[in-house]
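Protein chains: 2
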Amino acid sequence: MNQAGLGSVAGLELPQPYLLFLGDTTEPGYAKTAFGLRDWARERCVGEYVLPGGAVSTGLPSLNAAEAKARGARSMVIGVANAGGAIPPTWRPALEEAIRTGLHLVSGMHNRLRDIPGLVALAADYNVRLIEVRDPPSDPPIGTGRKRTGKRLLTVGTDCALGKKYTALTVARELARRGLDVRFRATGQTGIMIAGCGTPMDAVVADFAAGAAELLSPDAHPDHWDVIEGQGSLFHPAYAGVALSLLHGSQPDVVVVCHEPGRTVMLGHPGYALPTVDEAIALNLQLGRRTNPAIRCAGVSLNTGALGTDEAERAIAAESDRLGIPVADPLRGGPALDRMVDGILGGA
Amino acid sequence: MNQAGLGSVAGLELPQPYLLFLGDTTEPGYAKTAFGLRDWARERCVGEYVLPGGAVSTGLPSLNAAEAKARGARSMVIGVANAGGAIPPTWRPALEEAIRTGLHLVSGMHNRLRDIPGLVALAADYNVRLIEVRDPPSDPPIGTGRKRTGKRLLTVGTDCALGKKYTALTVARELARRGLDVRFRATGQTGIMIAGCGTPMDAVVADFAAGAAELLSPDAHPDHWDVIEGQGSLFHPAYAGVALSLLHGSQPDVVVVCHEPGRTVMLGHPGYALPTVDEAIALNLQLGRRTNPAIRCAGVSLNTGALGTDEAERAIAAESDRLGIPVADPLRGGPALDRMVDGILGGA
């Protein structure tokens with residue numbers, strides 16, 4: 000989607016292109032951020048930096064900080080998570096090397112770069128920034144509820160972690176392919192790194208959450224689309240408030256409801272049954288009408304990663320028949336995705 | 000309600016009794032916090048401190064810091080707000096005098112005590128604390144959705160600023176009068192000052208808001224009541240997320256819906272029609288069922304402050320007839336309030 004995620008918005012602005020730092024990780028599951036950047040911002044990633052002992056690769060060129068800088072890199076992004084979110088001491092020499100080379104550091108870790116002894120002073124010496132993607136935006140406004148110009152799509156879900164980010168990225172890419180003026184609006188750490196800007200909704204103080212969401216998708220040309228990465232779920236016992244703030248502040252014209260077939264309970268909350276797709280559609284429309292009475296559901300995004308191709312196609316077709324609206328797995332693409340994009344544009 | 004608001008909970012703990020600082024305010028509307036403390040925590044307020052030029056009084060004994068200290072005061076509370084939330088330079092000598100006398104300072108102002116030049120060092124010298132009631136709690140947990148023991152009531156509303164705090168305080172006092180084991184659980188600045196503890200829900204980071212609400216009303220004896228001060232409104236374009244986090248995290252057995260007759264649009268959001276009481280009851284029960292399937296609405300609290308006595312009584316009776324549930328103005332008390340408390344206990 001190229002430039003679809005870039006632009007001037009309130010919140011973070013990350014210096015691109017990136018060098019992806021993978022540390023000494025041996026577990027691919029910890030490198031989701033790096034893989035996401037490779038898949039969705041590849042033209043803005045000059046290469047990867049793996050420490051000795053590391054066994055995970057994105058397949059991008061292996062570069063040290065100086066080589067990356069020579070190829071135009073402006074930041075080194077920590078593309079791996081660790082259990083607990085800590086930054087291990089073994090990474091420090093590489094972080095210091097990047098700073099001395101003049102690369103900004105970008106981190107979405109729970110533990111902050113600024114808490115690593117000596118790093119703040121070193122960064123000041125070399126005039127580079129330590130950018131913590133989990134830091135909340137400063138001074139977001141109180142929500143106003145004022146209707147803004149332009150069109151907005153928000154991905155919502157029956158639960159967390161079932162494809163809201165990649166659904167939004169795919170929809171933004173498909174709208175761009177059709178020649179539309181579109182931006183992906185990021186609300187989480189990985190999405191922000193992909194887009195190069197955005198607002199970490201989970202880090203905003205509760206009273207300002209809807210206001211921060213309003214700021215994320217400002218007034219735009221009437222034909223412009225903002226495709227907003229959803230967070231949480233209205234049905235989640237911990238995160239429903241974030242989801243509602245984002246729904247109200249985004250005032251979407253269109254929602255796409257994301258779901259994973261076979262998931263029966265909320266992630267990490269086995270006492271909570273997953274809502275049905277129908278319930279998720281109904282509640283998002285009911286509550287979303289408060290700030291946009293014209294809200295509609297244009298489709299359902301099914302995460303069929305656990306299914307074989309035939310099984311996935313059957314599940315998608317059956318759900319579309321049952322609901323009477325387009326259903327697709329964005330990562331599988333194909334005619335189903337085309338129909339979902341038609342549906343997004345159709346009633347707009 | 001005496002001790003109904005006191006107790007060990009996560010969040011702030013304020014040293015009581017208080018000396019109420021009124022500054023040089025001439026506008027009673029700015030002294031709502033001081034009046035709230037006088038009305039609801041009078042036995043924990045030794046007196047008031049008014050600067051020369053001030054023209055607002057709570058009627059409590061006029062004391063300087065040393066006199067208040069001699070009468071047992073442990074903190075001086077800034078009981079006035081200013082337009083803009085600033086702390087004017089004319090107040091500084093009195094704040095410094097209180098510190099030198101050994102009183103902690105408690106403030107709910109937007110501008111922080113710690114930003115007044117020299118005050119942090121002075122407080123350290125005299126071993127007193129600068130307690131900022133707007134500071135968010137440190138490290139609240141993620142919500143779990145686990146059902147806790149004990150009984151809970153949450154005041155909710157059709158809008159902000161129509162009586163959720165005073166309804167909760169009144170209900171807690173009435174339950175205590177009937178001999179029940181009850182605590183008022185504060186979620187806003189004035190409520191926290193009255194209770195001496197609580198959690199400023201508006202200052203919690205969005206991802207932790209439901210978790211902070213869970214922590215506020217921990218497991219308790221099966222017959223114990225926590226009466227929780229509501230915040231915002233599920234219908235408010237800026238604050239619905241906070242209201243939903245508090246509803247989910249509080250998992251109330253009972254809600255009381257607060258409303259102001261005659262208010263037709265949301266406070267500060269004239270483009271947003273106020274929901275009806277019926278809509279507010281329905282949506283709070285619908286969404287509250289997610290964490291407590293047994294949730295019920297036991298009554299409606301009408302803020303009839305703008306009406307004469309006869310008019311208020313007619314409005315209360317008419318609304319009770321129409322809805323078929325108890326309706327009362329807690330500040331007017333009387334048999335209507337008794338019926339509402341009966342309703343709270345009746346189905347529990």
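Here the protein sequences come in this chain order: A and B. If you count by numbering that gives the first Met the number 0, then the first sequence holds residues 0 to 347, one letter each, in order. If you count by numbering that gives the first Met the number 0, then the second sequence holds residues 0 to 347, one letter each, in order. We treat Cβ as the ideally placed atom computed from N, Cα and C, and that holds for glycine.
Listed from N- to C-terminal order along the chain, which residues in the segment 235 to 260 of chain B have their beta-carbon within a distance smaller than 7 Å of any beta-carbon of chain A?
Those residues of the segment 235 to 260 of chain B that come within reach of chain A (Cβ to Cβ, closer than 7 Å) are Pro-236, Ala-237, Tyr-238, Ala-239, Gly-240, Val-241, Leu-243, Ser-244 and His-247.
By the three-class DSSP mapping on this structure, what secondary structure does B/Glu-66 have?
By one-based count along the second sequence, residue 66 of chain B stands at place 67. Three-state result, B/Glu-66: helix.
For B/Gln-2, is the classification buried or exposed, using 16 other Cβ atoms within 10 angstroms of its Cβ as the cut-off for buried?
On the second sequence, residue 2 of chain B is found 3 positions in, with the first residue counted as 1. In this predicted model, B/Gln-2 has a pLDDT of only 35, less than 50, meaning its place in the structure is not dependable; the value taken from the coordinates is given anyway. By the neighbour-count rule (16 or more Cβ atoms within 10 Å), B/Gln-2 is not buried but exposed.
For a cutoff of 8 Å on Cβ pairs, would you count A/Ile-191 as touching chain B?
Counting from 1 along the first sequence, the entry for residue 191 of chain A is found at position 192. Not an interface residue.
DSSP on B/Tyr-125, reduced to helix/strand/coil?
Here residue 125 of chain B refers to the residue found at position 126 of the second sequence. Coil.
Reducing DSSP to helix, strand and coil, say where A/Pro-27 ends up.
Here residue 27 of chain A corresponds to residue number 28 of the first sequence, with the count starting at 1. Three-state DSSP puts A/Pro-27 in a helix.
Does the CB of A/Val-276 have a neighbour CB from chain B at under 8 Å?
Along the first sequence, read from residue 1 onward, the residue named residue 276 of chain A stands at position 277. Answer no: the Cβ-Cβ gap between A/Val-276 and chain B never drops below 8 Å.
Measure how close the beta-carbons of A/Leu-266 and A/Asp-158 come, nearest whole angstrom, since I'm counting them as under 8 Å.
As a first step, residue 266 of chain A must be located in the first sequence, where it is residue number 267. As a first step, residue 158 of chain A must be located in the first sequence, where it is residue number 159. 6 Å between Cβ atoms; contact.
Closer than 8 Å, CB to CB, is A/His-220 near chain B or not?
Along the first sequence, one-based indexing puts residue 220 of chain A at 221. Not closer than 8 Å to any Cβ of chain B, the Cβ of A/His-220 fails to qualify, so no.
Could you give the first and the last residue of the continuous beta strand (DSSP E) run that contains A/Ile-141?
By 1-based counting over the first sequence, the position of residue 141 of chain A is 142. Per DSSP, A/Ile-141 belongs to no beta strand (DSSP E) and is neither H nor E.
For the 8 Å Cβ check, are there 3 or more pairs between the segment 193 to 212 of chain A and the segment 200 to 215 of chain B?
With a cut-off of 8 Å, the segment 200 to 215 of chain B and the segment 193 to 212 of chain A count as touching, because enough Cβ pairs lie within range.
Scan the segment 262 to 290 of chain B for residues whose Cβ lies nearer than 7 Å to a Cβ of chain A and list them as they occur along the chain.
Listed in sequence order: His-268, Gly-270, Tyr-271, Arg-289 and Thr-290.
So, A/Gly-348 versus A/Leu-153, is the Cβ gap smaller than 8 Å?
The requested residue 348 of chain A is not part of the displayed model; chain A covers only 0 to 347.
Note down, in chain order, each residue of its chain lying with its Cβ closer than 6 Å to the Cβ of B/Trp-90, except the 5 sequence neighbours on either side.
Locating residue 90 of chain B in the second sequence gives position 91, counting from the first residue. Once the five neighbours on either side are set aside, the close Cβ partners of B/Trp-90 are Gly-22.
Can you tell which of A/Val-170, A/Ala-311, A/Ala-317 and A/Gly-261 has its C-alpha closest to the C-alpha of A/Asp-337?
Against the first sequence, residue 337 of chain A aligns to sequence position 338. It is A/Val-170 whose Cα lies nearest to the Cα of A/Asp-337.
Against B/Pro-362, what residues of chain A qualify as contacts under a CB-to-CB distance less than 9 Å, listed in chain order?
The structure shown does not extend to residue 362 of chain B, since chain B is modelled only from 0 through 347, so no value can be given for it.
Please list the terminal residues of the continuous alpha helix (DSSP H) segment that includes B/Glu-318.
For the purposes of this step, residue 318 of chain B is taken as residue 319 along the second sequence, with counting starting at 1. B/Glu-318 -> alpha helix (DSSP H) spans 308 to 322.
Starting from B/Ala-202, find everything on chain A with Cβ-Cβ shorter than 8 Å and list it in chain order.
Position 203 of the second sequence, counted from the start, is the residue given in the question as residue 202 of chain B. Per Cβ cutoff of 8 Å: Val-204, Ala-205 and Asp-206.
Tell me, please, which residues DSSP counts as bridged to A/Glu-278.
Here residue 278 of chain A refers to the residue found at position 279 when the first sequence is read from its first residue. Answer is none; A/Glu-278 lacks a bridge partner.
Suppose only complete runs of 3+ residues qualify. What are the beta strand (DSSP E) ranges in the segment 236 to 308 of chain B, listed by chain order?
Counting only runs of 3 or more, we get 253 to 258, 268 to 272 and 295 to 301.
What's the call for B/Glu-42, buried or exposed, on a 16-neighbour Cβ count within 10 Å?
Looking up residue 42 of chain B in the second sequence gives position 43. Exposed, since its Cβ has fewer than 16 Cβ neighbours within 10 Å.
Using a Cβ-Cβ distance under 8 Å, would B/Ala-209 count as near chain A?
Walking along the second sequence from the start, residue 209 of chain B turns up at place 210. Chain A contact via Cβ: present.
Helix, strand or coil for A/Val-132 per DSSP?
Residue 132 of chain A sits at position 133 when you count from the first residue of the first sequence. Note: A/Val-132 maps to coil in three-state DSSP.
Please say whether A/Asn-110 and A/Ala-69 have beta carbons closer to each other than 8 Å?
Residue numbering aside, residue 69 of chain A sits at position 70 when the first sequence is read from its first letter. Residue numbering aside, residue 110 of chain A sits at position 111 when the first sequence is read from its first letter. Contact: no.
In its own chain, which residues sit with a C-beta less than 8 Å from the C-beta of B/Gln-188, not counting the 5 before and 5 after it?
Here residue 188 of chain B refers to the residue found at position 189 when the second sequence is read from its first residue. Closer than 8 Å at the Cβ level, and outside the excluded window around B/Gln-188, lie Thr-32, Gly-107, Val-132, Arg-133 and Pro-199.
By DSSP's criteria, B/Cys-196 is part of a beta bridge. Which residues make up the other side?
If you number the second sequence from 1, residue 196 of chain B lands on position 197. B/Glu-12.
Tell me whether A/Met-108 sits in a helix, a strand or coil according to DSSP, three-state version.
One-based indexing of the first sequence puts residue 108 of chain A at position 109. Of the three classes helix, strand and coil, the one that applies to A/Met-108 here is coil, per DSSP.
What's the C-alpha gap between B/His-223 and A/Ile-315?
For the purposes of this step, residue 223 of chain B is taken as the residue at position 224 of the second sequence. For the purposes of this step, residue 315 of chain A is taken as the residue at position 316 of the first sequence. Cα-Cα distance, rounded: 50 Å.
Kindly identify the DSSP beta-bridge partner or partners of A/Ala-202.
Taking the first residue of the first sequence as position 1, residue 202 of chain A is located at position 203. Paired residues: none, contrary to the question.
Under 8 Å Cβ to Cβ from A/Ala-272, same chain only, skipping five residues before and after it: list those, please.
One-based indexing of the first sequence puts residue 272 of chain A at position 273. Around A/Ala-272: Thr-263, Val-264 and Met-265.
Report the CB separation of A/Ala-305 from A/Ile-343 in whole angstroms; it is logged as a contact under 8 Å.
Taking the first residue of the first sequence as 1, we reach residue 305 of chain A at position 306. Taking the first residue of the first sequence as 1, we reach residue 343 of chain A at position 344. A/Ala-305 to A/Ile-343, Cβ: 26 Å. No contact.
What number of angstroms, rounded off, separates the C-alpha of A/Leu-19 from the C-alpha of A/Phe-183?
By one-based count along the first sequence, residue 19 of chain A stands at place 20. By one-based count along the first sequence, residue 183 of chain A stands at place 184. Each residue's alpha carbon lies about 21 Å from the other.
With DSSP as the reference, identify every bridge partner of A/Val-181, one or two as the case may be.
Here residue 181 of chain A refers to the residue found at position 182 when the first sequence is read from its first residue. According to DSSP, A/Val-181 bridges with A/Trp-224.
Between which residues of its own chain and B/Leu-243 is the CB-CB distance below 7 Å, once the five residues before and five after are set aside?
Residue numbering aside, residue 243 of chain B sits at position 244 when the second sequence is read from its first letter. Result list for B/Leu-243: Leu-233 and Leu-286, in chain order.
Could you give the first and the last residue of the continuous alpha helix (DSSP H) run that contains B/Arg-99?
In the second sequence, residue 99 of chain B corresponds to position 100, counting from 1. First-last of the alpha helix (DSSP H) with B/Arg-99: 91 to 100.
Apart from the five residues just before and just after A/Gly-261, which ones in its own chain have a Cβ nearer than 6 Å to its Cβ?
Residue mapping note: residue 261 of chain A aligns to position 262 of the first sequence, counting from 1. So no residue of the chain qualifies.
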